[in-house]
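Taking it in order: structure first as structure tokens, then the write-up.
Structure below.
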């Protein structure tokens, strides 16, 4: 079976490591049959993960637990910082699945300006229930997405001199400016 599958990175597991995931996006379907399937990162444990300016717009699906729009599953002893990130994809998992984070086992999370949307097709949204919350600001999880909602939650992310753009029409997707 396929465990620890991610749209950008599948698995991060090295005691004491620090990984920075920045300025990336995934629009494809991410599918696994095991746990830990994420739009950006599938599974993280024993590490410090900094995720910034990331977007998932693809479907994330597993027949097991731990499907997440940004992170599928966090194992043990991890520290995670998520800032200025967005999920717009549909999430499907048997349990412990969420539009932002799926299965969180233990560790510390800091989240600032994170927007999760898309349908939770199967399972339940236990996105952040087991995290030790250090600093949580401006997290929005909604059944619908509006351009105004994205702009409000991710204020400072869009505009002149930034790496992201977004149209003004309803349903517009943020786009990474590739220079």
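Numbering (my numbering), first residue to last: 461 to 639. Just so it is clear, CB atoms sit at the ideal spot from N, CA and C, and this is done for glycine as well.
Would residue i and residue j be called neighbours here (beta carbons separated by less than 9 Å)?
i, j, result
"residue 496", "residue 576", "no"
"residue 543", "residue 566", "no"
"residue 545", "residue 530", "yes"
"residue 533", "residue 502", "yes"
"residue 559", "residue 523", "no"
"residue 498", "residue 517", "no"
"residue 467", "residue 520", "yes"
"residue 490", "residue 472", "no"
"residue 547", "residue 513", "no"
"residue 535", "residue 504", "yes"
"residue 564", "residue 525", "no"
Can you tell me where the beta strand (DSSP E) holding residue i begins and where it ends?
i, result
"residue 474", "469 to 486"
"residue 538", "538 to 547"
"residue 576", "567 to 576"
"residue 561", "561 to 564"
Does DSSP classify residue i as helix, strand or coil?
i, result
"residue 530", "coil"
"residue 491", "strand"
"residue 517", "coil"
"residue 626", "coil"
"residue 556", "coil"
"residue 500", "coil"
"residue 466", "strand"
"residue 550", "coil"
"residue 593", "For residue 593, the predicted structure reports a pLDDT of 39, less than 50, and the residue's modelled location is therefore unreliable. The matter cannot be settled from this model."
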